[in-house]
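Engineer: Please find one structure pasted underneath; my questions will follow.
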């Protein structure tokens, strides 16, 4: 593999929001991306001890090492692409919240390494839904409302934070439901999660010249011209 491509692949893994690591069957750490390194630096939900991967909760370290060996064993017997093990590293009782590691085999010649993906809850930011908003032609007001809901706020909390009435929030939410084909808030949040790439940093929508660009703003200006009270939006 050309060195420049190898460096590009490493840089790409550093952009992932999930902690990504490569280990051998004994838990010896061979690579960790930026997110995983930060987790280990903070000591949660994983840590490194003498170059070996450990769970922050010592009671889960044995389960983690057992899962590593399980993945290697199954990869030798089954199609490696079909092998995947999920293991909780921290439960809802943890002060820092839940954390899950997914283990998958990486067959490399005669050896079998393991890829580990550690996920923890992340709160959405405005920039993270820009692409979603463009796809479904959401207005700026609808984007602001959706951003509050993605962060886990209730309708009442969103109204307070946006300095608008709860009825206005509900109006925006109904419009978002209509545009996205959703029928309830849980379904909408699932759709946002499915279409949000697992990247670490805030993103902006690409400045592309496509039919979605500016359509919402044009409709909003038209409503403002026709209806003086459209400033609510």
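In the numbering used here, the protein residues as written are 18 to 250.
Cβ coordinates follow ideal geometry from the N, Cα and C atoms, glycine included.
Here the structure is a predicted model, which means the values were calculated and not measured.
Where does residue 110 land, buried or exposed, given buried means 16+ other C-beta within 10 angstroms?
Structural biologist: exposed
Engineer: The ligand NAD and residue 19: does any heavy atom of the ligand fall closer than 7 Å to the residue's C-beta?
Structural biologist: Absence of the ligand NAD from the depicted structure is noted, as is the absence of any ligand whatsoever, leaving it without description.
Engineer: Below 8 Å on the Cβ atoms is my contact criterion, and I expect residue 72 with residue 85 to pass it. Report the Cβ-Cβ distance as a whole number of Å.
Structural biologist: Actually they are not in contact, since the Cβ atoms of residue 72 and residue 85 sit about 11 Å apart, beyond 8 Å.
Engineer: Could you pull the start and end residues of the beta strand (DSSP E) that residue 213 belongs to?
Structural biologist: That residue, residue 213, is in no beta strand (DSSP E); it is neither H nor E in DSSP.
Engineer: What would DSSP say about residue 45, mapped onto helix, strand or coil?
Structural biologist: In the three-state reduction of the DSSP assignment, residue 45 falls in the strand class.
Engineer: Just to confirm my understanding: we take residue 59, look at its own chain, exclude 5 residues before and 5 after, and list those with CB closer than 8 Å. What are they?
Structural biologist: none
Engineer: Among residues of its own chain, excluding the 5 on either side of residue 49, which ones have a beta-carbon nearer than 6 Å to its beta-carbon?
Structural biologist: 38
Engineer: Specify whether the region 196–204 and the region 147–166 touch according to this definition: at least 3 beta carbon pairs, one from each stretch, less than 8 Å apart.
Structural biologist: yes
Engineer: How would you label residue 189, buried or exposed, when you count the other beta carbons within 10 angstroms and need 16 or more for buried?
Structural biologist: buried
Engineer: Since I believe residue 160 is in contact with residue 131 (beta carbons under 8 Å), could you give me their beta-carbon distance rounded to a whole number of angstroms?
Structural biologist: About 40 Å; that fails the 8 Å criterion.
Engineer: Quick one: is residue 69 near chain B, going by C-beta distance under 8 Å?
Structural biologist: Included in the structure is just one protein chain, with no chain B present.
Engineer: Excluding sequence positions up to five away, which residues of its chain have a Cβ less than 8 Å from the Cβ of residue 178?
Structural biologist: 165, 170
Engineer: On the criterion of 16 or more Cβ atoms from any shown chain inside 10 Å, does residue 74 qualify as buried, or is it exposed?
Structural biologist: Burial call: buried.
Engineer: Tell me whether residue 62 sits in a helix, a strand or coil according to DSSP, three-state version.
Structural biologist: coil
Engineer: On the CB-based measure, 16 or more other CB atoms within 10 Å of its CB, does residue 253 come out buried or exposed?
Structural biologist: Here the chain comprises residues numbered 18 to 250, so residue 253 is not present and cannot be evaluated.
Engineer: Along the beta strand (DSSP E) that carries residue 118, what are the first and last residues, could you check?
Structural biologist: 116–125
Engineer: Tell me, which residues are paired with residue 102 by DSSP?
Structural biologist: Beta-bridge pairing links residue 102 to 120.
Engineer: Which partner residues does residue 71 have in the DSSP bridge list?
Structural biologist: DSSP links residue 71 through a beta bridge to 64.
Engineer: If we count the other Cβ atoms within 10 Å of its Cβ and call it buried at 16 or more, is residue 227 buried or exposed?
Structural biologist: Confidence at residue 227 is low in this model, with a pLDDT of 44, below 50, so the placement of that residue should be treated as unreliable; the coordinate-derived value is given next. When all chains shown are included, residue 227 counts as exposed.
Engineer: Quick one: what does DSSP say residue 198 is sitting in, helix, strand or coil?
Structural biologist: Three-state DSSP puts residue 198 in coil, outside helix and strand.
Engineer: Taking all protein chains shown into account, decide if residue 127 is buried (16 or more other Cβ within 10 angstroms of its Cβ) or exposed.
Structural biologist: exposed
Engineer: Does the distance from the CB of residue 209 to the CB of residue 167 come in under 8 Å?
Structural biologist: Yes. Within cutoff.
Engineer: Let's test the definition: count the other Cβ atoms within 10 Å of the Cβ of residue 25 and tell me whether it reaches 16, buried, or not, exposed.
Structural biologist: By the neighbour-count criterion, in which 16 or more other beta carbons inside 10 Å mark a residue as buried, residue 25 falls on the exposed side.
Engineer: Can you tell me which residues form a DSSP beta bridge with residue 128?
Structural biologist: 125
Engineer: Pick from 137, 123, 129: whose alpha carbon is nearest that of residue 117?
Structural biologist: 137
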